[in-house]
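Trainee:
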Amino acid sequence: MLRSAPATRTAVMVPDTGDRVSYESLRAQVAAVAEVFAASGIGRGDRVAIALPNGLPAIVCFLAAAAAGTAAPLNPGYRFEEFVFYLEDTDARLLVVPPDGGEEARRAVGGRMPILAAALGANGSVEMGGRSAGRSTSPPSPEDVALVLHTSGSTGRPKRVPLTHANLIASARNIVETYQLGPDDVSLCAMPLFHVHGLVASVLSTFLSGGAVVALSRFNPLSFWRIVRDYRVTWYSAVPTIHRLLLARSGAERPAGAEFLRFIRSCSAPLPVDAAQRMEHAFGVPVLEAYGMTEASHQMASNPPPPRPRKLGTVGPGTGVRISIMDGSGRHLDAGQPGEVVVQGPGVIRGYENNPEANATAFVDGWFRTGDQGVLDTDGYLRLVGRIKELIIRGGEKIAPPEVDEVLLAHPAVAEAVCFGVPHATWGEEVAAAVVLREPASEADLLAHCRDRMADFKRPKTIYIVPSLPRTATGKIQRRAVAAALARATG
Numbered sequence: 001m002l003r004s005a006p007a008t009r010t011a012v013m014v015p016d017t018g019d020r021v022s023y024e025s026l027r028a029q030v031a032a033v034a035e036v037f038a039a040s041g042i043g044r045g046d047r048v049a050i051a052l053p054n055g056l057p058a059i060v061c062f063l064a065a066a067a068a069g070t071a072a073p074l075n076p077g078y079r080f081e082e083f084v085f086y087l088e089d090t091d092a093r094l095l096v097v098p099p100d101g102g103e104e105a106r107r108a109v110g111g112r113m114p115i116l117a118a119a120l121g122a123n124g125s126v127e128m129g130g131r132s133a134g135r136s137t138s139p140p141s142p143e144d145v146a147l148v149l150h151t152s153g154s155t156g157r158p159k160r161v162p163l164t165h166a167n168l169i170a171s172a173r174n175i176v177e178t179y180q181l182g183p184d185d186v187s188l189c190a191m192p193l194f195h196v197h198g199l200v201a202s203v204l205s206t207f208l209s210g211g212a213v214v215a216l217s218r219f220n221p222l223s224f225w226r227i228v229r230d231y232r233v234t235w236y237s238a239v240p241t242i243h244r245l246l247l248a249r250s251g252a253e254r255p256a257g258a259e260f261l262r263f264i265r266s267c268s269a270p271l272p273v274d275a276a277q278r279m280e281h282a283f284g285v286p287v288l289e290a291y292g293m294t295e296a297s298h299q300m301a302s303n304p305p306p307p308r309p310r311k312l313g314t315v316g317p318g319t320g321v322r323i324s325i326m327d328g329s330g331r332h333l334d335a336g337q338p339g340e341v342v343v344q345g346p347g348v349i350r351g352y353e354n355n356p357e358a359n360a361t362a363f364v365d366g367w368f369r370t371g372d373q374g375v376l377d378t379d380g381y382l383r384l385v386g387r388i389k390e391l392i393i394r395g396g397e398k399i400a401p402p403e404v405d406e407v408l409l410a411h412p413a414v415a416e417a418v419c420f421g422v423p424h425a426t427w428g429e430e431v432a433a434a435v436v437l438r439e440p441a442s443e444a445d446l447l448a449h450c451r452d453r454m455a456d457f458k459r460p461k462t463i464y465i466v467p468s469l470p471r472t473a474t475g476k477i478q479r480r481a482v483a484a485a486l487a488r489a490t491g
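Residue numbers (the working numbering): 1 to 491.
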């Protein structure tokens, strides 16, 4: 992905230091760090655990690990027990951490593998502890595993997802073609680099197009628009949580710097229609909601940029991926009929790693079952209804939680909302919800708001007002965790 861009073109810009790294320098740094990994015993297929904050070192180490062996990025915010699990589960042979910090990860190693430190040095160079092998590593094949990640574990024990070089290239090419990315585009990476969203959407697709990545060390809504302006960012991709933070700070005037944007991309969690409309009004550019999964090397569908139509409330048509809707018996359904979203394509994995039980249920006739319920319209645009395992079944009626979320979010006092099912002696399940307020409102106010806007069987009977909602490290609201926490608190 780094070979096609001219050597002198800027590949990475580092706001923390003001450094600009050319493609020539990036290629040389990746090759040098790959040699260090090889000297530490890393060969094809060996896993390099990377517990680094966002920035140039994380990008270089990811690319070098994928070249020498297999990259296994981990959330640097994990605790000791989490590091123990993920290091053992990936069979990591080497750990990369910052020179200062990373104590939980270091302690979890327990002397079982080498530990190297990576840091940002002078002039946009990555300083890596360890000796070079003094030789180049052999180029990987398309079917070698470049990256191993874990599913979020929202439906059970996290599953290992092996992504090959061919998977990643197909997905990055898919994103480049969807958004017509080119050498003049500048992507701002606001997502963590231990997640497929940040790695593939923001970084790899940009490198494949010959553009430049603005590598933030952390997302900060206070400095966001200044960086967009100073680096002439043309697009960024983020989860709705980040979009909401930017909206909350937006004023009557369009932010300075927004004029450089071509579009804003949203992915990894549902974006309410109201939020998308407010973003387009406040920032003055199209908001393109996309649909991605780790098992598909990220993007599967997206609303297209103008002049093609975008349909708010959908995640657009399939992009480089075949999408179908299937019923419980494996029959493919017509447009307008809801069912499980299934996909095929070159970015989709062939199976989870060492998990035959999961593979037996996740794949049917060559299609990957996403676990999401959705419906395709006659134009092929996909509307997601919700996770199948999160559907609330009340007296035989199936209720999609995001539909209730949308109604609650339409109340002016509600900043965040999440709906879930709770056990009920008569109906099997009843609808409840938790909300975070931006201004005072009572439960009675919110219940009345819902009563006026949805059928009785759908509307929540209890609404909890809470200070915050639990999220994954990538910003997804943990619907089940909300339900479990409130059950404990009120039980």
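Each residue gets a CB set at the ideal place from its N, CA and C atoms; glycine is no exception. As the structure is a prediction and not an experimental result, all values here were calculated from the model.
#1: Once you ignore the five residues that flank G380 on each side, which residues in its own chain have a CB closer than 6 Å to its CB?
#2: Which of the three DSSP states is assigned to E353 in this structure?
#3: Give me the residue from V48, A172, L181 and L163 with the minimum Cα distance to A115.
#4: Where P240 and F62 are concerned, what is the direct C-alpha to C-alpha distance, given to the nearest angstrom?
#5: Report the three-state DSSP secondary structure of Q29 (helix, strand or coil).
#6: List the endpoints of the continuous beta strand (DSSP E) containing C267.
#7: What are the boundary residues of the alpha helix (DSSP H) that M113 is part of?
#8: For W225 and R331, I'd like the C-alpha separation in whole angstroms.
#9: Could you spell out the range, first to last residue, of the beta strand (DSSP E) harbouring T462?
#10: Contact between the region 23 to 42 and the region 160 to 180: three or more CB pairs below 8 Å?
#11: The ligand MN and A258: does any heavy atom of the ligand fall closer than 7 Å to the residue's C-beta?
#12: Check whether the Cβ atoms of S171 and G313 lie closer than 8 Å to each other.
#13: Going by DSSP, which residues form a beta bridge with G507?
#14: Taking 8 Å as the cut-off, does the region 342 to 361 touch the region 304 to 311 (at least 3 CB pairs, one atom from each stretch)?
#15: State the Cα-Cα distance for the pair A413 and L222, rounded to the nearest angstrom.
#16: Expressed to the nearest angstrom, what Euclidean distance is found between the alpha-carbon atoms of A275 and A455?
#17: Evaluate S237 with the Cβ neighbour count: other Cβ atoms within 10 Å of its Cβ, from every protein chain shown; 16 or more gives buried, anything less gives exposed.
#18: Give the secondary structure of V228 by DSSP, where H, G and I count as helix, E and B as strand, and everything else as coil.
#19: Return helix, strand or coil for G101, following the three-state DSSP convention.
#20: Within the chosen definition, does the region 397 to 404 reach the region 258 to 267 through at least 3 CB pairs nearer than 8 Å?
#21: So, are the CB atoms of G374 and K389 less than 8 Å apart?
#22: Could you compute how far the alpha carbon of R369 sits from the alpha carbon of L376?
#23: What is the DSSP secondary structure of F457, reduced to helix, strand or coil?
#24: Mapping the DSSP letters down to three states, classify Q373 as helix, strand or coil.
#25: Using alpha carbons as the reference points, say which of A433, A65 and D452 lies closest to E35.
#26: Going by DSSP in three states, I399 sits in which element: helix, strand or coil?
#27: Identify, in the order they occur along the chain, each residue of the same chain with its Cβ nearer than 8 Å to the Cβ of L247, setting aside the five sequence neighbours on each side.
Mentor: Straight from the coordinates:
#1: P317
#2: coil
#3: The identity of residue 115 in the sequence shown is Ile, whereas the question assumes Ala. For the options V48, A172, L181 and L163, the alpha carbon positioned closest to that of I115 is the one of V48.
#4: 26 Å
#5: helix
#6: That residue, C267, is in no beta strand (DSSP E); it is neither H nor E in DSSP.
#7: Segment: none, M113 is in no alpha helix (DSSP H) and carries neither H nor E.
#8: Distance between the alpha carbons of W225 and R331: 48 Å.
#9: T462 to I465
#10: no
#11: Among the components of this structure there are no ligands whatsoever, and the ligand MN is therefore not found.
#12: no
#13: Summary: the structure shown does not reach residue 507, with the chain confined to residues 1 through 491, and so no result is reported for it.
#14: no
#15: 23 Å
#16: 23 Å
#17: buried
#18: It is helical.
#19: coil
#20: Output reads no: the region 258 to 267 does not touch the region 397 to 404.
#21: No, these two residues do not count as a Cβ contact at 8 Å.
#22: 16 Å
#23: coil
#24: Correct three-state label for Q373: strand.
#25: Minimum Cα distance to E35 is reached at A65.
#26: I399: strand per DSSP, three-state reduction.
#27: Excluding residues within five positions, the ones whose Cβ falls inside 8 Å are A275, R278, M279 and A282.
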